[in-house]
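As numbered in my numbering, residues 62 to 404 make up the sequence shown, in order.
Cβ coordinates follow ideal geometry from the N, Cα and C atoms, glycine included.
Written out below as structure tokens is the structure these notes cover.
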Amino acid sequence: MAKFQAYFYELPAERIAQRPVYPPHNAKMLIAERKNRTLSSSSFLSLPEYLNEGDLLIFNDTKVIPARFFGRFDSSDAEVEVLLIEESREGTWRCLGRPLKRFRPGRAIDFGDGLQAKVLSRIGDKEVELLFFTASEGKPLITLMQEKGIMPIPPYIRNGRGDDADKRDYQTIFAEKEGSIAAPTASLHFSHEVMQKIKEVGCKSEFLTLHVSTASFLPLGIKDGASFVPPDEEHFSVPESVIDRIKETKARAGRVIGVGTTVVRALESAARGVLSGSTKLFIQPGYKFRMIDALITNFHQPGTTHLLLVEALLGREFLDEAYRYALGNSYRFLSYGDGMLIT
Numbered sequence: 062m063a064k065f066q067a068y069f070y071e072l073p074a075e076r077i078a079q080r081p082v083y084p085p086h087n088a089k090m091l092i093a094e095r096k097n098r099t100l101s102s103s104s105f106l107s108l109p110e111y112l113n114e115g116d117l118l119i120f121n122d123t124k125v126i127p128a129r130f131f132g133r134f135d136s137s138d139a140e141v142e143v144l145l146i147e148e149s150r151e152g153t154w155r156c157l158g159r160p161l162k163r164f165r166p167g168r169a170i171d172f173g174d175g176l177q178a179k180v181l182s183r184i185g186d187k188e189v190e191l192l193f194f195t196a197s198e199g200k201p202l203i204t205l206m207q208e209k210g211i212m213p214i215p216p217y218i219r220n221g222r223g224d225d226a227d228k229r230d231y232q233t234i235f236a237e238k239e240g241s242i243a244a245p246t247a248s249l250h251f252s253h254e255v256m257q258k259i260k261e262v263g264c265k266s267e268f269l270t271l272h273v274s275t276a277s278f279l280p281l282g283i284k285d286g287a288s289f290v291p292p293d294e295e296h297f298s299v300p301e302s303v304i305d306r307i308k309e310t311k312a313r314a315g316r317v318i319g320v321g322t323t324v325v326r327a328l329e330s331a332a333r334g335v336l337s338g339s340t341k342l343f344i345q346p347g348y349k350f351r352m353i354d355a356l357i358t359n360f361h362q363p364g365t366t367h368l369l370l371v372e373a374l375l376g377r378e379f380l381d382e383a384y385r386y387a388l389g390n391s392y393r394f395l396s397y398g399d400g401m402l403i404t
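If you want it as structure tokens, here you go:
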């Protein structure tokens, strides 16, 4: 079990950012150079200084949906929480429910303003299947769900209680295709000003889609004390034009830079020959990257699969060194925190 403990580093609560910095490009950026094994501090506003003409940045254009709901089984009950995962058919969703023991098949949850959901079944030991419906004539179901749902910020940010500011802050400037229940947080640092500067240095940008699911935040599972449980599958789509641009970039000795672990998972899945669908790819130490040459990423929560992906790129010792550097130099952590450029 010793090898697993390395992924559960100590993160003081005060280092977890509760709001982003404004503007977001003022966030700190740790530069981790693998070749010389050096660490230095900068900011995302200065990112263009670390890019070369002919490099290629690839972003995730997914859009976060208002996926968290709070309701009650009856007026005397304590509040329960629902987080949407995936719609299996119209109005029917796979969800995470808390506390799970209270989600018994046949019970109905009232979210207010006529929005309700019936518990259809329990799925495994973590999920439930809910059928959402309206209890009154008036607004369509989809409209009510959009109005009553809140932005699904992680529980370590203000107990997951998203507000109006999060509708702006927890969405990237590239957000276009709805379907994520968590933000591709590395892209939150990018402003239109930074994108213009990136263009001016001759670095190109491309976009793919990966709808972020529970793989982004559920803790590492350990099977039989010997191996990690793979993260949940996620839906992705990589345009053929992006693959062509990657080939062109590599042919000119440019770097392909993935902006976020979600981009890496989508690209490395596409490297297997399938450009869209569901991916179960689990990137962990020992993985040989076929698509990316560099990575922009945030500082990740202890005990999550993102740490394994970053270790696959940095190595165990350099990963530890980078996180110690960040903790020792007042970096802010997790979704609304600072980030790093790994070259």
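Opposite residue i in the DSSP bridges: which residues?
{"i": "Ser-241", "result": "Val-125"}
{"i": "Asn-359", "result": "Gly-400"}
{"i": "Cys-156", "result": "Leu-145 and Val-189"}
{"i": "Ile-92", "result": "Ser-101 and Leu-402"}
{"i": "Thr-405", "result": "Summary: the structure shown does not reach residue 405, with the chain confined to residues 62 through 404, and so no result is reported for it."}
{"i": "Phe-394", "result": "Ile-77"}
{"i": "Ile-211", "result": "Arg-129"}
In terms of residues, what are the limits of the beta strand (DSSP E) holding residue i?
{"i": "Asp-171", "result": "169–173"}
{"i": "Ala-312", "result": "Where Ala-312 is concerned, there is no enclosing beta strand (DSSP E), although the alpha helix (DSSP H) it sits in stretches over 301–312."}
{"i": "Gly-338", "result": "337–340"}
{"i": "Phe-134", "result": "Run containing Phe-134: none; DSSP gives neither H nor E here."}
Under a three-way DSSP split, which group does residue i fall into?
{"i": "Ala-327", "result": "helix"}
{"i": "His-296", "result": "strand"}
{"i": "Asn-220", "result": "helix"}
{"i": "Gly-400", "result": "strand"}
{"i": "Gly-319", "result": "strand"}
{"i": "Met-62", "result": "Because Met-62 sits at a pLDDT of 41, beneath the cut-off of 50, its placement in the model cannot be relied upon, and the point is left open."}
{"i": "Ala-139", "result": "coil"}
{"i": "Arg-150", "result": "strand"}
{"i": "Arg-98", "result": "coil"}
{"i": "Met-206", "result": "helix"}
{"i": "Val-371", "result": "helix"}
{"i": "Ser-274", "result": "coil"}
{"i": "Ser-248", "result": "helix"}
{"i": "Thr-366", "result": "helix"}
{"i": "Ser-288", "result": "strand"}
{"i": "Leu-161", "result": "helix"}
{"i": "Leu-118", "result": "strand"}
{"i": "Glu-110", "result": "helix"}
{"i": "Pro-85", "result": "helix"}
Could you tell me the boundaries of the alpha helix (DSSP H) in which residue i lies?
{"i": "Gln-177", "result": "Segment 176–184 is the beta strand (DSSP E) holding Gln-177; no alpha helix (DSSP H) there."}
{"i": "Lys-349", "result": "No alpha helix (DSSP H) holds Lys-349; DSSP gives it neither H nor E."}
{"i": "Glu-254", "result": "253–261"}
{"i": "Phe-379", "result": "377–389"}
{"i": "Lys-265", "result": "Here Lys-265 belongs to no alpha helix (DSSP H); instead the beta strand (DSSP E) covers 265–271."}
{"i": "Ala-226", "result": "225–230"}
Round the Cβ separation of residue i and residue j to the nearest angstrom and send it over; I've been treating them as touching at under 8 Å.
{"i": "Asn-121", "j": "Gly-321", "result": "6 Å"}
{"i": "Leu-192", "j": "Leu-205", "result": "About 14 Å; that fails the 8 Å criterion."}
{"i": "Thr-310", "j": "Arg-95", "result": "Incorrect: roughly 19 Å between the Cβ atoms, too far for contact."}
{"i": "Leu-269", "j": "Val-324", "result": "7 Å"}
{"i": "Pro-292", "j": "Tyr-70", "result": "Actually they do not touch by this definition, with Cβ atoms about 19 Å apart."}
{"i": "Arg-133", "j": "Ile-170", "result": "7 Å"}
Of all the CB atoms in chain C, is at least one closer than 8 Å to the CB of residue i?
{"i": "Asp-230", "result": "This model lacks chain C altogether, as it is built from one protein chain only."}
Worksheet item: For the region 209–216 against the region 121–131, are there 3 or more C-beta pairs whose distance is under 8 Å?
Response: Judged by Cβ distances under 8 Å, the region 209–216 makes contact with the region 121–131, as three or more pairs qualify.
Practice prompt. Decide if the region 299–306 is in contact with the region 150–160; the criterion is three or more beta carbon pairs, one per stretch, under 8 Å apart.
Written response: no
Worksheet item: With a cut-off of 8 Å, do at least 3 Cβ pairs link the region 95–109 to the region 302–316?
Response: no
Worksheet entry | Three or more C-beta pairs below 8 Å linking the region 252–265 and the region 137–145 | no
Item to complete: Would you check if the region 83–98 and the region 234–253 touch, i.e. whether three or more CB-CB distances between them fall below 8 Å?
Response: yes
Worksheet item: Are there three or more Cβ pairs, one per stretch, closer than 8 Å when the region 68–87 is compared with the region 381–401?
Response: yes
Worksheet item: Are at least three pairs of beta-carbons, each pair with one atom in the region 184–196 and one in the region 227–247, less than 8 Å apart?
Response: no
Discussion item. Does the contact criterion of 3 or more C-beta pairs under 8 Å hold for the region 319–338 versus the region 377–384?
Written reply: no
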